[in-house]
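Following the numbering used here, the numbering of the sequence shown begins with 1 at its first residue and continues without gaps.
We put the CB at the ideal spot given by N, CA and C, even for glycine.
Notes for the one structure printed next.
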Amino acid sequence: MESSGSAQRLEVVVAGDEGSARLDRVLAARRPELSRSRLKALILAGAVHLKASAVRDPAYHVSPGDTIIIDVPEAAPAEPRGEEIALDIVFEDDDIIVINKPKGLVVHPAAGHETGTLVNALIAHCGASLSGIGGVRRPGIVHRLDKDTTGLMVVAKNDLAHASLSAQFADHGRTGAMRRGYMAFAWGVPNRHRGTIDAPIDRHPHAREKMAVRQGGREAVTHWEILESFAGRDGKPVAVLLACELETGRTHQIRVHLAHIGHPLMGDAVYGPHFKTKANQLAPQSQAALAALGRQALHAYLLLLEHPRTGELLHWEAPLPEDLLLLERALKAAL
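Below, the structure is given as structure tokens:
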């Protein structure tokens, strides 16, 4: 049962125009800062009262004029500990925080990476401004970047922001304004200027840490466009810089899709290992830059979304990090 020592007591007067008489739906309409799952948990825990009695049925029908009291307890501390880890913060307010993630930073604690993650860093940085997502004082991770992928990530600081961002990421710009753009250095040069990869993705049948294009997998759509092509030591095209935009957000999506069409990311040891010999076609300077990279050449450079509270369209761009700039310069120098 939820603690009776509440951090906040909220009052809702039923107007009758909420679109439903169900308790949970009336509260969702009147208190959008609390997610539906959070409200349901509070109702089931006996933290919602009507006429001095707890109402534990989310489907209970209320009447116009009823006064409902919600006792919202103090958000429980997040299980991961806060750690002082430097962050490149691009934007922050009471609802969201946008960071430019460096390579090597794992987003969420997991086996083998229990500490030193982005979540640990955000718990320390945000402190009390994390108002509790689902009752826990934690950052709301709505999308992830692989450990060695750099670039823009947005994180929710409260239930309202978490619900809005989750919906925007699920929609992926089909009906809203949201866009996610990536810069990708890939092997070879596609035979057309732009294209779309529409191929379902699921767990690899044999290597469980990998993903693969598989029939029956989850829908995955990636749009790509050539920005620049690069020649090797023999003067023939050997690599390309692509701008990719996601219409879905599957694990390793760009890496899997580009490998699927025969153009895996440069430096991708998981999805492009059979392209290692391609490095021999690069000029010495380019070979050195690729060897120094030590990761897949992928950067999340573009993020557009609607602010969860104001609806304002927000737009950020993050330039290529130094290691990818060095690779680009070396590839250009070989032209």
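Cβ separation of residue i and residue j, assumed to be a contact under 8 Å, to the nearest whole Å
i, j, result
"residue 11", "residue 67", "6 Å"
"residue 41", "residue 136", "About 11 Å separates the two Cβ atoms, so there is no contact after all."
"residue 267", "residue 290", "6 Å"
"residue 81", "residue 120", "6 Å"
"residue 303", "residue 177", "That pair is no contact at about 11 Å."
"residue 169", "residue 112", "Not a contact, Cβ separation roughly 26 Å."
"residue 38", "residue 134", "6 Å"
"residue 193", "residue 226", "5 Å"
"residue 72", "residue 7", "6 Å"
"residue 130", "residue 118", "Rounded, the Cβ-Cβ distance is 13 Å, inconsistent with contact."
Residues bridged to residue i [DSSP beta-bridge criterion]
i, result
"residue 244", "182 and 224"
"residue 100", "152"
"residue 196", "223"
"residue 229", "240"
"residue 92", "97"
"residue 203", "211"
"residue 9", "71"
"residue 22", "61"
"residue 113", "110"
"residue 265", "186"
"residue 48", "70"
"residue 313", "306"
Simplified DSSP state of residue i, which is helix, strand or coil
i, result
"residue 143", "coil"
"residue 300", "strand"
"residue 318", "coil"
"residue 255", "helix"
"residue 218", "strand"
"residue 67", "strand"
"residue 76", "strand"
"residue 133", "strand"
"residue 307", "coil"
"residue 53", "strand"
"residue 138", "coil"
"residue 31", "coil"
"residue 15", "coil"
"residue 270", "coil"
"residue 282", "coil"
"residue 290", "helix"
"residue 163", "helix"
"residue 105", "coil"
"residue 4", "Model confidence at residue 4 stands at a pLDDT of 37, short of 50, so the residue's coordinates are unreliable; what they give is reported in the following sentence. Looking at residue 4 - three-state DSSP - the assignment turns out to be coil, as it is neither helix nor strand."
"residue 39", "helix"
"residue 250", "coil"
"residue 120", "helix"
"residue 176", "coil"
"residue 234", "coil"
"residue 332", "helix"
Heavy atom of the ligand ATP within 7 Å of residue i beta-carbon
i, result
"residue 20", "Among the components of this structure there are no ligands whatsoever, and the ligand ATP is therefore not found."
Check whether residue i and residue j have beta carbons under 8 Å apart
i, j, result
"residue 153", "residue 99", "yes"
"residue 159", "residue 312", "no"
"residue 241", "residue 224", "no"
"residue 122", "residue 155", "yes"
"residue 200", "residue 179", "no"
"residue 103", "residue 295", "yes"
"residue 211", "residue 252", "yes"
"residue 107", "residue 85", "no"
"residue 43", "residue 55", "yes"
Any contact of the region 307–321 with the region 246–263, i.e. 3+ C-beta pairs under 8 Å?
no
Check whether the region 323–334 and the region 223–235 touch, using three or more Cβ-Cβ pairs below 8 Å as the test.
yes
Cβ contact (3+ pairs, closer than 8 Å) linking the region 14–32 and the region 53–69
The region 14–32 is in contact with the region 53–69.
With contact counted as at least three CB pairs below 8 Å, one residue from each stretch, are the region 160–168 and the region 298–311 in contact?
yes
Taking contact to mean 3 or more Cβ pairs, one atom from each stretch, closer than 8 Å, check whether the region 273–286 and the region 294–303 are in contact.
no
Quick one: any contact between the region 261–273 and the region 184–192, if contact means 3 or more CB pairs under 8 Å?
yes
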